[in-house]
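Protein chains in written order, with our numbering: chain F, 1 to 112; chain Y, 113 to 224; chain W, 225 to 336; chain C, 337 to 772; chain U, 773 to 1208; chain R, 1209 to 1644. Backbone N, C-alpha and C fix where the C-beta goes; we use that ideal spot for every residue, glycine too. Keep in mind it's a predicted model, so treat the numbers as computed, not measured. Encoded as structure tokens, the structure appears first; notes follow it.
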Amino acid sequence: MKMIIAIVKPHRLDGVRTALQEIGVHGMTTEEVKGYGRQGGHSEIYRGAEYTVSFVPKVKIEVVTSDALMEPAVEAIAQAAKTGKIGDGKIFVLDVAKAVRVRTGEQGDDAL
Amino acid sequence: MKMIIAIVKPHRLDGVRTALQEIGVHGMTTEEVKGYGRQGGHSEIYRGAEYTVSFVPKVKIEVVTSDALMEPAVEAIAQAAKTGKIGDGKIFVLDVAKAVRVRTGEQGDDAL
Amino acid sequence: MKMIIAIVKPHRLDGVRTALQEIGVHGMTTEEVKGYGRQGGHSEIYRGAEYTVSFVPKVKIEVVTSDALMEPAVEAIAQAAKTGKIGDGKIFVLDVAKAVRVRTGEQGDDAL
Amino acid sequence: MTHIRRLASLGFTTAAAFGFGIGEARAADALSSGDTAWILTATALVLFMTLPGLALFYGGLVRARNVLSVLMHCFAVACVASIAWLVVVYSLAFDDGGAHQEWIGGLGKVFLDGVGTESLSGTIPETVFFMFQMTFAIITPALIVGAYPERIRFGAVVAFSLVWLVLVYAPACHWVWGGGWLADMGVLDFAGGIVVHVTAGVSALVLAIVLGPRRGFPHEIRPPHSPGMTVTGAAMLWVGWFGFNAGSALAADGNAGMAMTVTHISAAVASLVWAVTEYFRFGKPSVIGIVTGMVAGLAAITPAAGFVGPMGAVVIGIISGFVCQWFTTWIKFKIKIDDSLDVFAVHGVGGILGTLLVAVFAVPDFGGLGLAEGVTITDQLQVQVIGILSVAVWSGVITWVIAQIISRTIGLRVSEESEIEGLDIIAHGERGYDLT
Amino acid sequence: MTHIRRLASLGFTTAAAFGFGIGEARAADALSSGDTAWILTATALVLFMTLPGLALFYGGLVRARNVLSVLMHCFAVACVASIAWLVVVYSLAFDDGGAHQEWIGGLGKVFLDGVGTESLSGTIPETVFFMFQMTFAIITPALIVGAYPERIRFGAVVAFSLVWLVLVYAPACHWVWGGGWLADMGVLDFAGGIVVHVTAGVSALVLAIVLGPRRGFPHEIRPPHSPGMTVTGAAMLWVGWFGFNAGSALAADGNAGMAMTVTHISAAVASLVWAVTEYFRFGKPSVIGIVTGMVAGLAAITPAAGFVGPMGAVVIGIISGFVCQWFTTWIKFKIKIDDSLDVFAVHGVGGILGTLLVAVFAVPDFGGLGLAEGVTITDQLQVQVIGILSVAVWSGVITWVIAQIISRTIGLRVSEESEIEGLDIIAHGERGYDLT
Amino acid sequence: MTHIRRLASLGFTTAAAFGFGIGEARAADALSSGDTAWILTATALVLFMTLPGLALFYGGLVRARNVLSVLMHCFAVACVASIAWLVVVYSLAFDDGGAHQEWIGGLGKVFLDGVGTESLSGTIPETVFFMFQMTFAIITPALIVGAYPERIRFGAVVAFSLVWLVLVYAPACHWVWGGGWLADMGVLDFAGGIVVHVTAGVSALVLAIVLGPRRGFPHEIRPPHSPGMTVTGAAMLWVGWFGFNAGSALAADGNAGMAMTVTHISAAVASLVWAVTEYFRFGKPSVIGIVTGMVAGLAAITPAAGFVGPMGAVVIGIISGFVCQWFTTWIKFKIKIDDSLDVFAVHGVGGILGTLLVAVFAVPDFGGLGLAEGVTITDQLQVQVIGILSVAVWSGVITWVIAQIISRTIGLRVSEESEIEGLDIIAHGERGYDLT
Ligand SMILES: Nc1ncnc2c1ncn2[C@@H]1O[C@H](COP(=O)(O)OP(=O)(O)O)[C@@H](O)[C@H]1O
Ligand SMILES: Nc1ncnc2c1ncn2[C@@H]1O[C@H](COP(=O)(O)OP(=O)(O)O)[C@@H](O)[C@H]1O
Ligand SMILES: Nc1ncnc2c1ncn2[C@@H]1O[C@H](COP(=O)(O)OP(=O)(O)O)[C@@H](O)[C@H]1O
């Protein structure tokens, strides 16, 4: 199994969820995070004062999939999250050694 | 070493912490996350209007343990987090290549 | 590629970011988390009442680097985050199987 | 000649109908420092209803990423309305209209021309009357903010409110309170069931239709981001409404006291009725529900406050708590109009209910203070219906026209991407919360 | 015959003791628009104390997942109290009780029967007196909300508050302010040290005992989720308390002015005393602490406000800031009662302190306005002690009985799982914050 | 002899200049319950401006980890100022100074000595005058809180405010309102352009310089953590300012009504001017911007409120909305002083503008109520400039001295680590938000 960690623009979350559902991925966990990257150094203005806001709000999506579903899932996320503008985000894939569904105790791919 | 990532119901957090302590795991990191899964599609009612809330509040617990402690820890979490109702959550286990305790510079199992 | 997960004291975040930038790491993702460890059991006082606050606010920093940059990055974080007092935090390193930059579709080290 | 002096000669019922307390009808030419103290206070209370009351009430009901835009709407509308009031709306509403007095006031009081520190309006300085009435002209377009949050362009809010005040509020206010044709007919509207709630409610509905629903409406809308903020605002509305209704007596007397009493009772009853109904419908009484019931009860008692007694207030509270709740569901889920924060269902319907029920409960047999001599319940009901319908139609038609024009010029609605991103950052460059 | 007229004949001290200003004792039959303006305002201020003042004050002190339930408690209690007041409690408290006047009022004013816009109560309309006193009947049971948050069933809150108002508040209010036996004895309670703070404080303590502590009490409780919300509410309490105490003069005169002055001073002094004590105890003065000191100082000055001078206020502030703080710790950590938001320690103890100290500081030598002729400090102290004890025992016993009955019927406490999950979602189906 | 009686003999202009309404000049010895009702209310309104108004306004502008410290600053300053006012500052400001009356008042009213329920100050009880003026002495040092948040030591806040009230506020207040040398010259300052805004603004600037900027200033500062909190506070400021300015008429009359009217208009105009300017400068009108404009407009109208008409208010609103905005940028980014929440740019500059413009717009030709007989605009302008400069220099120098002394004794600034960690946890042991 693989854990896909995608950091995307917040307003793309709904699109990503739909895209994943379409290819049969029905579970995921999301968090609000603050990202720093090339987009860094955007500024906000308050009372005529420019404030450098180094960290930009992003959403992090974690999805664990079977090995087979990983590629299509990454593909789906990448497409749904893309706006073409800087700060679109990254997708990382990690290996998962074990997965358990708490409610039933099922393990491995069955747990997803 | 292993990183155990458990996504559980928020009100089970205290129970999980106690269970882990009992088997000798004394460190962990938690975050509030929003989960989407089978439980998805629960609804809340405001002014007589039903709103579909796709993402449900969950707590994510990250614990790094020695290889040996991993199985009992997963077991302990699974038991403490279980309510038997849908949405109880998942546990994933990943390999950790390296661990450092910042304060002392200790590495590996000593760092935990 | 490696994912470095560092859990540090919140007020050290800026220092860590600067340290990483100096060694050429320009992207990272941060989250607010609550940690539990040896520092656990600190207490806050309200109206003369002591409340045990088990979970302490921390910042989690996730940085994906090339294999080569990992060691210096861990070193940089460890130094910048260190206050020498309990609760300084931990650094964990995980293997990353794949990385994609959403905007361009670049993969691997180029995506970072 | 101030309008009040003019009105005094019309005798009891009419004067009362104009929102002046009964005691007022004994036209007084001397300043009363007690009455003035109360109306200065009432003015502060009614401003407080909009800022921050209504702003928080509405702000808590939207998504976190639009909270500032809602506060901005309320704030900007308040500023625009204040200036419009000074420039022309006060004059159009309350100055003598001469030949066309039935339809609209004159331009003699533009920029408060001729009004000084010595000018009186009944027993209070005219500036105080001007300020008190101004707070009504502020809150009425601010109520409409509830129809269009989370998707409207900020420029459209400003433009709409400005034009609406001149074309809808000024005439409606003049007809009912400024000595216009509805006043002549003897319509009863103590503190704004028609002038405030019907105009705002109907306009909100029409604007919501023209603007279209939010993305994901009706079921994928995000629930209120901060019910606590909404409750805070609601409580301020309740307190401020004492100024709204008891201030409309324009005196610190028994009429004001009774107006405050029935206002409070209707609010308390409607709140509980809403909560109990929710309990039976969904098993859980909600805090958003109970405060919505409160607003419904307050809107409904508004036209009746100076005319009915405690029993009337209880009945008005029960009916409004129940009927307005039914309408919130009906409008959103049956006829599927995204009047997002239920302006019509709560204010429009509440205002209409009260405007009708006052004809019944003003009668002494039902604990009221009495209709004008020789007027029966049926007579009065007829007048009330005419008042409601004429103002509703006028508000609806003009709102539709203004909305169409704005839609074709500066544009009504933000892009879908902006809607997703949220108006706070898109339109105002700000974020609602940064708790790190 | 309104009670005020009756009282006037009792002469100065007694009238003052009933919470009417000294100036009031010269029984006036004519409406004063100035006095009316002030009491209308004071009514708004005291409602504002509960909604949103107290609601926010308490709401900020609980865990985030229970914030809405606390707001709901305050709001629902306000509605229930308002209706109970109209239906029967006002009459029981202030109507002439005839033969049993010593113990309880009559039923002649049920549903405000016979009270119209012309009815006077001293120099103000009776409706205004009714409304002003109603806001006291609202805040008193709302204060008790602080005893039981985070674990009580919502139905129990509503049932308890309703029954409590009839069985505890109505008689206590009648005894002290409505011409009952304590008034006859000449007890001094300007604005509610006994009627409001002792009743609420003692009942809170008893209810907390019957209900049992929160899970994890005393050390694993979560700290206040939003001290800023608490400070906001506290500030509103302070401002509103001007209406509470200076309004209790029932006139806009020098007595009201002095009442406001001493109220303010006691609050400021007690705040600083609390903060300084915290600084010495823990090294850090906290914002939760300073505002708690404020409430203590306000509670303590309440019975004394119209009787003492600035020096009395300073001393009352110092003592209450210090003693109430000691009690918060003592009750929670020594006798281990989870009176969760310290209602007894702050309001009960504060009210008792002020009720005792007024006997001393009302004396002209200590800057006060004087005791009744021939009454010594010791005499007065005796009466005050009797007042406190009798009301405390009555409140405690009746509260215990009501709590037992509720506990055996609809149930007092939610399940442990619900307590963990939080009352917001469990009892009201809502979430306090969704900032995404 | 109360100061008001003394002043009455000085005739119209001077009396008005002291902040008493024009009507007041006809020295009245009898209590007016109407005037008293209004000033009791105004007192509540002005306290409400500081607590919670200003506290929330400032609290929302800082980083989340410092929000409680800002609330604490405002709260503690309010308490300290209240006590200082009772002990000595009221007496220094308003008691007759005898031989040195030009420079400072006497000590005859220390601890309100000799002031009872019967003491009058014009038509209101002296206690009410004392309380009303006290709320000004509370808000003035509280305004300075905006200069030093996020880095100052709490002890320094308390010490500075206390000493500052005695050494800066008491004399400035005496000079202008207490019959001192500026009053003798006929300076016009209706409600505190000089006494409140110039003193606070200049002191803020000087203190900010001595204290030094926040880490990361100017560009790495975190944006406001909760603009919604700031808007809530701003709205409370607006409402409360009705008490501030219209209360300064010290009567419920036409002067109060006009003062309220021009206050409101200036606020509305300045808000919109600020928003429009932002729109042209940055493409987006912000909610923080619009409410800052509001404060600027209110500060600027304050000295002028009782003297100018609506047209004057419009112009004052336009100028202040524009100029104050320019100054916020200039001070932070050109001369790089971290007057963190723009106290000088908004209050100082606003107060100065209004103090100058009143000389022009008080003239009947520009819609004003008239200067004193024989006084030309140029004459008056000269006096106004002298008033501004003398008070500004005094405020600046004394503030600098106090700051130096504190800096060398208890210390002004927290350590860098504490600054990063945040003052809430470091200085008060509390956390602003725990939403889990
Ligand atoms: N090396 C990295 N490790 C972890 N997260 C990263 C890394 N680089 C970027 N990110 C995350 O991805 C987001 C987008 O990256 P950015 O460089 O701004 O834009 P782009 O991906 O379009 O080049 C960042 O805000 C950050 O959250
Ligand atoms: N494939 C997945 N990857 C990551 N997180 C998941 C995945 N599936 C479920 N989750 C997380 O687990 C939670 C519980 O899952 P859900 O399907 O709702 O219930 P259950 O585990 O009882 O079947 C979800 O809310 C989500 O946070
Ligand atoms: N085994 C672990 N797994 C995951 N996170 C941990 C673990 N142990 C500690 N942490 C995180 O590191 C933080 C610091 O650890 P702690 O034991 O308090 O101090 P120190 O690292 O100085 O010994 C904790 O608050 C927690 O967030």
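Please confirm whether H1641 of chain R has its beta-carbon closer than 8 Å to some beta-carbon of chain C.
This sequence places Tyr at residue 1641 of chain R; His is not what is there. At least one chain C Cβ lies under 8 Å of Y1641 of chain R.
Of all the beta strand (DSSP E) runs that stay within the bounds of the segment 837-861 of chain U, which reach a length of 3 or more residues?
As for any beta strand (DSSP E) of minimum length 3 sitting wholly inside the segment 837-861 of chain U, there is none.
Please report the straight-line C-alpha distance between G491 of chain C and L748 of chain C, rounded to a whole angstrom.
8 Å
If you pair each beta-carbon of the segment 1458-1470 of chain R with each one of the segment 1236-1247 of chain R, do three or more pairs fall below 8 Å?
Contact between the segment 1458-1470 of chain R and the segment 1236-1247 of chain R is present, with at least three C-beta pairs closer than 8 Å.
Would you call the segment 151-160 of chain Y and the segment 653-671 of chain C in contact, with 3 or more CB pairs under 8 Å?
Contact holds between the segment 151-160 of chain Y and the segment 653-671 of chain C, because three or more Cβ pairs, one in each stretch, are under 8 Å apart.
Min CB distance I1182 of chain U to chain C below 8 Å
no
Beta-carbon within less than 6 Å of S1474 of chain R's beta-carbon, same chain only, minus the 5 sequence neighbours each way: which residues are those?
G1505, I1509, A1521, I1524, G1525
Would you say I756 of chain C reaches chain F, if we count a Cβ-Cβ gap shorter than 8 Å as a contact?
yes
Nearest to F55 of chain F by CA position, among F:D67, F:G37, F:M70, F:L69, is which residue?
Closest by alpha carbon: F:G37.
In chain order, what are the residue ranges of uninterrupted alpha helix (DSSP H) at least 4 long that sit wholly in the segment 862-941 of chain U?
862-866, 898-916, 926-936
With a threshold of 7 Å (Cβ to nearest heavy atom), would M140 of chain Y be considered close to ligand 3?
yes
Can you list the residues of chain C that E1202 of chain U reaches, using a CB-CB cut of under 7 Å?
P563, S622, V623, I624
Does any residue of chain C have a CB that is nearer than 8 Å to the CB of A972 of chain U?
No - not a single Cβ of chain C is within 8 Å of the one on A972 of chain U.
Which residues, in chain order, does the segment 145-159 of chain Y contribute to contact with chain U at a C-beta distance below 9 Å?
K146, E156, I157, Y158
Give the C-beta separation of F411 of chain C and A380 of chain C to the nearest angstrom, bearing in mind that I take them to be a contact with Cβ-Cβ under 8 Å.
With 8 Å as the limit, F411 of chain C and A380 of chain C do not qualify as a contact, their Cβ atoms being about 17 Å apart.
Could you tell me whether any Cβ in chain W is nearer than 8 Å to the Cβ of V53 of chain F?
no
Cβ-Cβ separation, V940 of chain U to I1170 of chain U (assumed contact under 8 Å), whole Å:
5 Å
Out of U:G965, U:M906, U:R925, state which residue places its alpha-carbon closest to the alpha-carbon of S1187 of chain U.
For the residues U:G965, U:M906, U:R925, the minimum Cα distance to S1187 of chain U belongs to U:R925.
Contact under 8 Å by Cβ, P57 of chain F with I23 of chain F:
no
Can you name the start and end residues of the alpha helix (DSSP H) that L812 of chain U belongs to?
805-820
Segment contact flag, the segment 858-872 of chain U with the segment 938-954 of chain U, C-beta cutoff 8 Å, min 3 pairs
They touch, by the three-pair rule.
Please confirm whether F1105 of chain U has its beta-carbon closer than 8 Å to some beta-carbon of chain W.
yes
Identify whether G1126 of chain U lies in helix, strand or coil by the three-state DSSP scheme.
helix
So V1371 of chain R and I1618 of chain R are in contact, right, with Cβ under 8 Å, and what is the actual spacing, rounded?
The pair is not a contact, with the Cβ atoms about 12 Å apart (cut-off 8 Å).
Once DSSP output is grouped into helix, strand and coil, what is the label at S1162 of chain U?
DSSP places S1162 of chain U in helix when its eight states are reduced to three.
What first and last residue would you give for the alpha helix (DSSP H) that runs through H1433 of chain R?
That residue, H1433 of chain R, is in no alpha helix (DSSP H); it is neither H nor E in DSSP.
Please state if the CB of L1255 of chain R and the CB of W1010 of chain U are separated by a distance shorter than 8 Å.
Judged by their CB atoms, W1010 of chain U and L1255 of chain R are nearer to each other than the 8 Å cut-off.
Relative to the C-alpha of L1480 of chain R, which residue among C:M385, C:A604, C:D525, C:A417 is closest?
C:A417
Closer than 8 Å at the beta carbon, the chain W residues around L206 of chain Y:
L318
Counting contacts by CB-CB distance shorter than 8 Å, is V839 of chain U in contact with chain C?
yes
Chain-order list of residues whose beta-carbon lies under 6 Å from that of S1092 of chain U (same chain, five-residue window excluded):
Correct list, in chain order: A1042, A1068, G1069, A1072, G1122, L1125.
Do V1034 of chain U and P995 of chain U count as a contact pair if the criterion is CB distance below 8 Å?
Contact: no.
Check whether the Cβ of H26 of chain F lies closer than 8 Å to any Cβ atom in chain C.
With respect to chain C, the C-beta atom of H26 of chain F has no partner C-beta closer than 8 Å.
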